[in-house]
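Presented below is the structure to which this report refers.
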Amino acid sequence: MEDQDLSRRRFLGTSALAAAGFALLRTPVIGAPAYIKNLGKPNSLFNGVQVGAITYSWRSMPQDAESILKYCVECNISAIEMMGNTPEQFAGAPEAPPRPNMTPGPDGKRPEMTEDQRAAMKEHGTKMAEWRAKVSMDKFTQLRKMYNDAGVTIYAYKPNALGVNNTDAEVDYALRAAKALGANQATVELPNDSAQTKRLGDIAAKNKTFIAYHGHTQQTPTWWDTALGQSKYNAMNLDMGHYVAAGFEPIDLINAKHEHIKSMHIKDRKSKANGGANVVWGSGDTPIIPVLELMRSKKYKFPATIELEYEIPAGSDAVKETAKCVEYARKALMA
């Protein structure tokens, strides 16, 4: 533990120096001019629109807290939606068992987990519930400070603690952890069970922290309505790329429900009619630029969260591709 704390102190002590030398030590990435202009701190607030990223975008890379912060700085990202594994690891959560290989086979189907794998996952779930029920928020607050000192805020937290099988204590933990990180929302996939959204909304109200529900191609204009009607702390984490791939136009939905949207994922996908593929920004059917312009003109304050899901080109990596997305958004908003 002393070695870990020393490592973190060294990281903090050297982060400013590393930031100052960023443009010299690495091949320049898009967004570096804004980074340098802000004295070594990232700034992805463009003309009043907060562009952020979900840390899932860097899933192909190490996920420890220090590495994630480094990616933010290199991409010029100053606000994030943080996946749950990073702060939980930082706070000393029980180590998870090896993830089973769930790669689909030639028939497109994912393999079934073995009995041993199921037992290991169940045992880990029990350990996590016990840990979450008693863990101090001190490490979450420490992580928040580390990020804030480097110029990065955390606006959303996505822990694996909001499911139907998670206890009320785990849900309460997730919302307390979100607040400790500086977030005003925890995000989760919208469950099909209205009793679950009612339960989550009630616990969210006690914590005065939103639960923002995410979706994929099951999103429709009315998909969130039941949950939104159950609690004012039930909210939307719209994914406009998936919404387009489902066959819908996001601008009308955003205008109609902007008060319920607490964060929004942005990506470029082809429309349903064109196959729905995830593609490099600017080559799909998702109206990224019109939506960003709408947010700017209407002064909508929810973050626009980059979620990198297209195939990374050979010779590149997730950080470089996220930086390209940041620059795409910056150019649209500063035009």
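Per our numbering, the very first residue in the sequence shown carries number 105; after that it's consecutive.
All C-beta atoms, glycine included, are put in the ideal place defined by N, C-alpha and C.
Rounded to whole angstroms, what's the CA-CA distance from residue i to residue j? Just pull it up for me.
i	j	result
Ser367	Ala339	9 Å
Lys435	Gly333	37 Å
Lys405	Gln154	7 Å
His320	Tyr347	7 Å
Ala100	Ala350	Here the chain covers residues 105 to 439 and nothing more, so residue 100 does not appear.
Lys403	Ser148	16 Å
Glu178	Val423	7 Å
Ser171	Ser182	15 Å
Leu294	Gly379	24 Å
Ala427	His369	16 Å
Asp297	Lys371	27 Å
Ala299	Met438	44 Å
Ala138	Cys429	Confidence at Ala138 is low in this model, with a pLDDT of 45, below 50, so its placement is unreliable and no value can be given for it.
Ile416	Arg373	15 Å
Ser164	Glu413	11 Å
Thr337	Ala282	According to the sequence shown, residue 337 is Tyr rather than Thr. Each residue's Cα considered, the two are about 14 Å apart.
Thr207	Met217	12 Å
Pro325	Glu411	21 Å
Gly419	Ala377	31 Å
Thr257	Tyr160	16 Å
Glu397	Tyr251	28 Å
Lys302	Gln323	19 Å
Thr271	Gly144	42 Å
Val268	Lys226	14 Å
Ala331	Ala273	21 Å
Leu247	Glu192	10 Å
Ser401	Asn151	10 Å
Val239	Gln167	21 Å
Cys176	Trp162	10 Å
Met399	Val292	23 Å
Asn180	Glu219	44 Å
Ala224	Pro201	7 Å
Thr190	Leu173	11 Å
If you run the structure through DSSP and keep just helix, strand and coil, what is residue i?
i	result
Ile416	coil
Lys405	coil
Ile158	strand
Asn382	strand
Gln167	coil
Val153	strand
Tyr337	coil
Leu294	coil
Ala287	coil
Lys312	coil
His318	strand
Arg214	coil
Thr330	helix
Val423	helix
Phe194	helix
Thr390	coil
Ala136	Only weak support exists for where Ala136 lies, its pLDDT of 41 falling under 50; the value from the coordinates is given anyway. It is helical.
Lys376	coil
Lys302	helix
Thr207	coil
His362	coil
Met241	coil
Asn147	coil
Glu353	coil
Gln221	helix
Thr230	helix
Glu397	helix
Gln323	coil
Ala200	coil
Ala436	helix
Cys429	helix
List the residues that DSSP assigns as beta-bridge partners of residue i.
i	result
Val268	BP columns for Val268 are empty, so no partner.
Leu342	Met368
Ile258	Ile184
Ile410	Ala157 and Ile370
Give the C-beta separation of residue i and residue j to the nearest angstrom, bearing in mind that I take them to be a contact with Cβ-Cβ under 8 Å.
i	j	result
Ala265	Arg236	6 Å
Glu199	Ile158	24 Å between Cβ atoms; not a contact.
Tyr432	Gly388	At roughly 12 Å, the Cβ-Cβ gap does not stay under 8 Å, so Tyr432 and Gly388 are not in contact.
Lys345	Tyr259	Reading the sequence as shown, one finds Gly at residue 345 and not Lys. The pair is not a contact, with the Cβ atoms about 19 Å apart (cut-off 8 Å).
Lys243	Phe194	6 Å
Ala528	Met241	With the chain covering only 105 through 439, there is no way to say anything about residue 528.
Gly188	Lys262	6 Å
Ser335	Asp306	6 Å
Pro204	Gln221	5 Å
Ile358	Val383	About 21 Å separates the two Cβ atoms, so there is no contact after all.
His364	Asp343	In fact, because the Cβ distance is near 14 Å, the residues do not count as touching under 8 Å.
Pro354	Pro391	7 Å
Should residue i be listed as close to the ligand ZN, given that the test is whether its C-beta is under 7 Å from any heavy atom?
i	result
Gly209	You won't find the ligand ZN in this model; it holds no ligand whatsoever.
* Any chance the segment 306-318 sits against the segment 273-287, with 3 or more Cβ pairs inside 8 Å? -> yes
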